[in-house]
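*Asks:* The working numbering numbers the first residue of the sequence shown as 393 and each following residue consecutively. Input: one structure, supplied below.
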Amino acid sequence: TGDTLLKLQANREDWSGARNTLSTKLKHGQIPRDLHKRRDAVLALSEAKEDIAAGRTQEAQESAIEANRLSPDLIPAAVMAAHAYLDQGKKRQASRVLRKAWEAQPHPDLAAAFAAIEPDETPQQRIKRFGALTRLQPDHPETRMLLAELNVAAEDFPQARRSLGDLVESEPTARSVTLMAAIERGEGASDSVVKGWLARALTVPRGPQWICENCQHIHASWQPVCNNCGSFDTLEWKTPPMSEVAMPGGVQMLPLIVGATEDRTGARGVPTVATRSDIEEAELVSDDSADSTASNRPETSTRQDTITAGP
């Protein structure tokens, strides 16, 4: 009955009531302490989101930091806690919580939050500072793509290619393949080569997404309760089954870091990212298999502007 009540309260967004229910379960030995901490973190994070929506900034900061303390590897809690620390002028604490979460599981939202610590740094300064993050999981695909993006932003295309390594062959995703298109363009490859990579990006797996462990529903962003089956705390960041992956079109293909470098590099005639027209043309020349999966594409969120370099 405790699980049923907790689920009902979570579905009603009664986060305070759900936390009381959770505490009662712990007090009566009905839930392991580690599971209690994890679920309490999810509920505290949900309270923080509600506080933000209501304009209760201080309460939101406190709840986000508490959620991160309870579960340091909960990615959205680490991101929100980092922003809370930044709002308080505590850059060191923000960096610490993001590094700890990255060490547990690299994620692009963590990189975006890490970029926000120093929004005005140059691409070269950013590469150096991000070393504190990328050294933790150097061989992880997310780390390799992040390094490639950072080097594209710095216009060091050979290093970007080295950072990407064999990902486009061993574990191709829409993001890694689109990065290769940006690298080829930066190195002066022909339009046909660049568009060839963009066309391929439409047919390869999208990569990890937020997926409900209970019903396998794909979510555009993390949620405490599955939008499909209503299960509580069942979303995991993982790659969906091949039958359920498809690449969204438009600017969602663009690498998340290089967006803000367009103005700098465009003035010197060195475009570093695919343009919307490039993508549209690539969609036209892509094979019919991309069209056949379009109706099943999940909704996605865009965050390519959140991790850009400074002016």
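Just so you know, even glycine gets a beta-carbon here, dropped at the ideal spot from N, CA and C.
So Leu-571 and Met-537 are supposed to be a Cβ contact under 8 Å. How far apart are they, rounded?
*Replies:* Here the question's residue 571 lines up with position 179 in the sequence shown. Here the question's residue 537 lines up with position 145 in the sequence shown. So it is a contact: roughly 6 Å between Cβ atoms.
*Asks:* Along the chain, where does the beta strand (DSSP E) containing Trp-407 start, and where does it finish?
*Replies:* As a working note, residue 407 is residue 15 in the sequence shown. Where Trp-407 is concerned, there is no enclosing beta strand (DSSP E), although the alpha helix (DSSP H) it sits in stretches over 407–419.
*Asks:* Does the separation of the CB atoms of Ala-452 and Ala-476 fall below 9 Å?
*Replies:* Residue numbering aside, residue 452 sits at position 60 when the sequence shown is read from its first letter. Residue numbering aside, residue 476 sits at position 84 when the sequence shown is read from its first letter. Taking 9 Å as the Cβ cut-off, Ala-452 and Ala-476 qualify as a contacting pair.
*Asks:* Answer yes or no: do Ala-456 and Leu-437 have a C-beta to C-beta separation smaller than 9 Å?
*Replies:* For the purposes of this step, residue 456 is taken as residue 64 along the sequence shown, with counting starting at 1. For the purposes of this step, residue 437 is taken as residue 45 along the sequence shown, with counting starting at 1. Yes, Cβ-Cβ distance for Ala-456 and Leu-437 is below 9 Å.
*Asks:* Three Cβ pairs or more, each shorter than 8 Å: is that satisfied between the segment 593–607 and the segment 416–425?
*Replies:* Taking 8 Å as the limit for Cβ pairs, the verdict is that the segment 416–425 does not touch the segment 593–607.
*Asks:* Reducing DSSP to helix, strand and coil, say where Gln-601 ends up.
*Replies:* As a first step, residue 601 is located in the sequence shown; it is residue number 209 there, counting from the start. In this structure, Gln-601 counts as strand in the three-state DSSP scheme.
*Asks:* Curious, which full-length beta strand (DSSP E) runs of at least 3 residues does the segment 448–511 contain?
*Replies:* Complete beta strand (DSSP E) runs here, min 3: none at all.
*Asks:* Any idea if Thr-449 is buried or exposed, counting beta-carbon neighbours within 10 angstroms, 16 or more meaning buried?
*Replies:* Residue numbering aside, residue 449 sits at position 57 when the sequence shown is read from its first letter. Label assigned to Thr-449: exposed.
*Asks:* Which partner residues of Phe-624 appear in the DSSP bridge assignment?
*Replies:* Against the sequence shown, residue 624 aligns to sequence position 232. Phe-624 pairs with Val-617.
*Asks:* Taking the straight line between their C-alpha atoms, what separation do you get for Leu-414 and Asp-406?
*Replies:* Numbered from 1 along the sequence shown, position 22 holds the residue referred to as residue 414. Numbered from 1 along the sequence shown, position 14 holds the residue referred to as residue 406. In a straight line, the C-alpha of Leu-414 is about 12 Å away from that of Asp-406.
*Asks:* Please work out which residues of its chain come closer than 8 Å, Cβ to Cβ, to Gly-622, disregarding the five sequence neighbours upstream and downstream, and give them in chain order.
*Replies:* On the sequence shown, position 230 is the one that residue 622 refers to. So the list reads Lys-399, Asn-403, once near-sequence residues are dropped.
*Asks:* Hey, how far is the Cα of Gln-480 from the Cα of Glu-442?
*Replies:* For the purposes of this step, residue 480 is taken as residue 88 along the sequence shown, with counting starting at 1. For the purposes of this step, residue 442 is taken as residue 50 along the sequence shown, with counting starting at 1. Cα to Cα, the separation comes out at about 20 Å.
*Asks:* What are the residues that DSSP puts in a beta bridge with Trp-629?
*Replies:* Residue mapping note: residue 629 aligns to position 237 of the sequence shown, counting from 1. In the DSSP output, where bridge partners are listed per residue, Trp-629 has Trp-602.
*Asks:* Measure the Cβ-Cβ separation of His-532 and Trp-629 and say whether it is below 9 Å.
*Replies:* Taking the first residue of the sequence shown as 1, we reach residue 532 at position 140. Taking the first residue of the sequence shown as 1, we reach residue 629 at position 237. In this structure, Trp-629 does not lie closer than 9 Å to His-532 by Cβ.
*Asks:* Quick check on the DSSP output: the alpha helix (DSSP H) that includes Asp-531 runs from which residue to which?
*Replies:* Start at 1 with the first residue of the sequence shown, and residue 531 comes out as number 139. Unbroken run through Asp-531: none, as it is neither H nor E.
*Asks:* What is the DSSP secondary structure of His-611, counted as helix, strand or coil?
*Replies:* Within the sequence shown, residue 611 is the residue found at index 219, counting from 1. Strand.
*Asks:* Using beta-carbon positions only, say whether Leu-462 and Ala-474 come within less than 9 Å of one another.
*Replies:* In the sequence shown, the residue the question calls residue 462 occupies position 70. In the sequence shown, the residue the question calls residue 474 occupies position 82. Against a cut-off of 9 Å, the Cβ pair of Ala-474 and Leu-462 comes out as no contact.
*Asks:* Roughly how many angstroms lie between the CA atoms of Thr-526 and Lys-482, to the nearest whole one?
*Replies:* Taking the first residue of the sequence shown as 1, we reach residue 526 at position 134. Taking the first residue of the sequence shown as 1, we reach residue 482 at position 90. Going by the C-alpha atoms only, they are around 21 Å apart.
*Asks:* If contact is defined by three or more beta carbon pairs under 8 Å, each pair taking one atom from either stretch, is the segment 583–594 in contact with the segment 609–621?
*Replies:* Verdict: no, contact absent.
*Asks:* Could you tell me whether the Cβ of Lys-441 comes closer than 9 Å to any Cβ of chain B?
*Replies:* Looking for chain B here will not work: only one protein chain is present.
*Asks:* Do Asp-465 and Ala-504 come within 9 Å of each other at the CB atom, strictly closer than that value?
*Replies:* Here residue 504 corresponds to residue number 112 of the sequence shown, with the count starting at 1. Here residue 465 corresponds to residue number 73 of the sequence shown, with the count starting at 1. The answer is no: Cβ separation not under 9 Å.
*Asks:* At which residues does the alpha helix (DSSP H) containing Val-434 begin and terminate?
*Replies:* In the sequence shown, the residue the question calls residue 434 occupies position 42. Here the alpha helix (DSSP H) through Val-434 covers 425–445.
*Asks:* Give me the Cα-Cα distance between Ala-433 and Gly-578, rounded to the nearest whole angstrom.
*Replies:* Translated into positions along the sequence shown, residue 433 becomes position 41. Translated into positions along the sequence shown, residue 578 becomes position 186. Computed Cα separation, rounded: 43 Å.
*Asks:* Answer with buried or exposed for Pro-703, where buried requires no fewer than 16 other C-beta atoms within 10 angstroms of its C-beta.
*Replies:* By 1-based counting over the sequence shown, the position of residue 703 is 311. Its pLDDT being 46, under 50, Pro-703 is placed unreliably by the model, and the measurement read from it follows with that caveat. Answer is exposed; the Cβ neighbour count stays below 16.
*Asks:* Kindly list the residues whose CB is nearer than 7 Å to the CB of Glu-563, restricted to its own chain and excluding five residues on each side of it in sequence; keep chain order.
*Replies:* Position 171 of the sequence shown, counted from the first residue, corresponds to residue 563. Answer for Glu-563: Pro-533, listed in chain order.
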